[in-house]
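Remarks on the structure that follows.
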Amino acid sequence: MKWMDKAWMILSDPKELPKIFAISILFVFFVGILLNYPYYPDQLYPKSFELSGLYPYDRGGTPLKEPAKIVAQYPQNSEMIGWITSYLTPFSSWLASKTLYLGTTIVSHPGGIVDEILYYTRGLDTVLESSIMMMAFLIVGFLIKLKRGG
Amino acid sequence: MLEGIGGEILGVIRFGDIVPYITPFTLSMFILALTLTVLLALAKPENQILMVFGKDKYSLIKPTIEEMKFRRFMVIVCGLALSGAMITGDLFNFTLFVTLVGITNIGIIAAVRRPYVLEAAFQYGLICTLASLPLFGAAAIVLGTAGTLSLHELETLSVLPMAKILLAFGVAGETGIAPFYAAKAEVFRAPGAPYILMVHLSAIMVVIRTAEILLLL
Numbered sequence: 001m002k003w004m005d006k007a008w009m010i011l012s013d014p015k016e017l018p019k020i021f022a023i024s025i026l027f028v029f030f031v032g033i034l035l036n037y038p039y040y041p042d043q044l045y046p047k048s049f050e051l052s053g054l055y056p057y058d059r060g061g062t063p064l065k066e067p068a069k070i071v072a073q074y075p076q077n078s079e080m081i082g083w084i085t086s087y088l089t090p091f092s093s094w095l096a097s098k099t100l101y102l103g104t105t106i107v108s109h110p111g112g113i114v115d116e117i118l119y120y121t122r123g124l125d126t127v128l129e130s131s132i133m134m135m136a137f138l139i140v141g142f143l144i145k146l147k148r149g150g
Numbered sequence: 151m152l153e154g155i156g157g158e159i160l161g162v163i164r165f166g167d168i169v170p171y172i173t174p175f176t177l178s179m180f181i182l183a184l185t186l187t188v189l190l191a192l193a194k195p196e197n198q199i200l201m202v203f204g205k206d207k208y209s210l211i212k213p214t215i216e217e218m219k220f221r222r223f224m225v226i227v228c229g230l231a232l233s234g235a236m237i238t239g240d241l242f243n244f245t246l247f248v249t250l251v252g253i254t255n256i257g258i259i260a261a262v263r264r265p266y267v268l269e270a271a272f273q274y275g276l277i278c279t280l281a282s283l284p285l286f287g288a289a290a291i292v293l294g295t296a297g298t299l300s301l302h303e304l305e306t307l308s309v310l311p312m313a314k315i316l317l318a319f320g321v322a323g324e325t326g327i328a329p330f331y332a333a334k335a336e337v338f339r340a341p342g343a344p345y346i347l348m349v350h351l352s353a354i355m356v357v358i359r360t361a362e363i364l365l366l367l
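Listed in order, the protein sequences are those of chains A and B.
Just so you know, the first sequence maps onto residues 1 to 150 in the numbering used here.
Just so you know, the second sequence maps onto residues 151 to 367 in the numbering used here.
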């Protein structure tokens, strides 16, 4: 069992580990790419493919009159669904009528689309995503502080 | 099937589409994770003594208070993320919690001033980064092929074996379990015992929860 001894020796070296992990992921992906993936037609978070200023987040609806169409897994948990997404500030609706690319910014301009999937039905995910980033910044910040001797 | 693995569902917490559920299994894991977090947050850190072999000498390693405060904070965040991962009822939410556990694990050991520990932590960080690809890829494949991420719905649907393999791969890399354990084993040599325990315990508990999820998918 000489090859096994060798394999365990390689696996016991932390410096070799990322390489081995990357190669094994590549192998799994290579097998995975050959498989057939059926696309489920009744998607939970559909996107519109109509040409509009809010593409691909155009979910319809008129502010304060009619809610936007949003598919939720448990609609009974989010009763006000659709009302927030349909709202755009006057500036944003003017911008949406002028350009085709407003939807790609999501919330990076004042009064942009407050996407309900991000902030309402799946709000906990968004909180976690930003927490992960904050933790990364925190670790880097602390390490730099240590290095400078503060 | 959910009842079969975790026991009877005692209740759910309604967070919109993300519905954490309480079974005897998830509840006991949740309470365990929270209790450990409280105990580790209150515990005093150890001072490591290194004996010099063959001589009548020893050296005392005393980490600074500032370093210990940062590590304690990371332990608390890691514990909260761990308890979230134990109770969540959504696949994507679970992968996010696991990633948060992974990054805080690195945070716990990032401030250690030992070259061999830092080297191992860096390699472990690389594996964590690589592992996020299969981890989130699994959630994406499940959403694309089954149309939902809720574990309640997924237990009645058929999930591709490939998604399960990717999820297992991602968790294996993120928590540093066999056969990719060498980097994490080096990390345990860092001084400051009670905080290092969290690195170990979080890996074990995440793996147990992943086993439950893989069985019910």
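Even glycine gets a Cβ: it sits at the ideal position worked out from N, Cα and C.
Check, Outcome
"Selection of the segment 316-329 of chain B by Cβ proximity to chain A, strictly under 8 Å", "Leu316, Phe319, Gly323 and Pro329"
"Supposed contact pair B/Ile237 and B/Phe180 - C-beta distance, whole angstroms, cut 8 Å", "5 Å"
"Within 8 Å, strictly: CB atoms of A/Ile55 and A/Leu100", "Per the sequence shown, residue 55 of chain A should be read as Tyr rather than Ile. A contact, by the Cβ cut-off of 8 Å."
"Where A/Trp8 sits in the DSSP three-state scheme", "helix"
"Check whether A/Pro67 and A/Ile81 have beta carbons under 8 Å apart", "yes"
"B/Gly323 - DSSP class collapsed to helix/strand/coil", "helix"
"Nearest-angstrom Cβ-Cβ length linking B/Thr295 and B/Leu285, presumed shorter than 8 Å", "With a Cβ gap of about 17 Å, B/Thr295 and B/Leu285 do not count as contacting."
"Contacts that A/Glu129 makes with chain B (C-beta to C-beta distance below 8 Å)", "Leu246"
"8 Å Cβ cutoff met for B/Phe247 and B/Gly234", "yes"
"DSSP state of A/Phe49 mapped onto helix, strand, coil", "coil"
"Distance, B/Pro213 Cα to B/Ile346 Cα", "13 Å"
"Distance, B/Phe244 Cα to A/Ser130 Cα", "15 Å"
"Proximity test, Cβ basis, 8 Å: A/Ala171 and chain B", "Nothing can be reported for residue 171 of chain A, as the shown portion of chain A is limited to 1 through 150."
"Extent of the continuous beta strand (DSSP E) to which B/Tyr274 belongs", "No beta strand (DSSP E) holds B/Tyr274; the alpha helix (DSSP H) holding it covers Pro265 to Ala296."
"Selection from B/Val262, B/Ala290, B/Arg264 and B/Asn255 that minimises the alpha carbon distance to B/Leu276", "B/Asn255"
"Contact set between B/Arg164 and chain A, taken where Cβ atoms lie within less than 7 Å", "Asn77"
"Min CB distance B/Gly157 to chain A below 8 Å", "no"
"Nearest-angstrom Cβ-Cβ length linking A/Lys69 and A/Gly60, presumed shorter than 8 Å", "5 Å"
"Cβ-based burial, A/Tyr120 [other Cβ within 10 Å; buried from 16]", "buried"
"Three-state class that DSSP yields for B/Val202 in the structure shown", "strand"
"Contacts that A/Ser12 makes with chain B (C-beta to C-beta distance below 8 Å)", "Ala332"
"Euclidean distance between Cα positions of B/Gln198 and B/Ala260", "17 Å"
"B/Asp167 - DSSP class collapsed to helix/strand/coil", "coil"
"When B/Leu182, B/Gly166 and B/Gly161 are compared against B/Met355, the one with the closest alpha-carbon", "B/Leu182"
"8 Å contact criterion, which A/Leu17 and B/Phe330 should meet: CB distance rounded", "6 Å"
"Minimum Cβ-Cβ distance from A/Ser108 to chain B less than 8 Å", "Low confidence applies to A/Ser108: its pLDDT is 48, below 50, so where it sits in the model is not reliable, and the reading given next is rough at best. Not one chain B Cβ lies under 8 Å of A/Ser108."
"Helix, strand or coil at A/Ser78 according to DSSP, with G and I counted as helix", "coil"
"Rounded straight-line distance, which links the Cα of B/Lys207 to that of A/Lys2", "40 Å"
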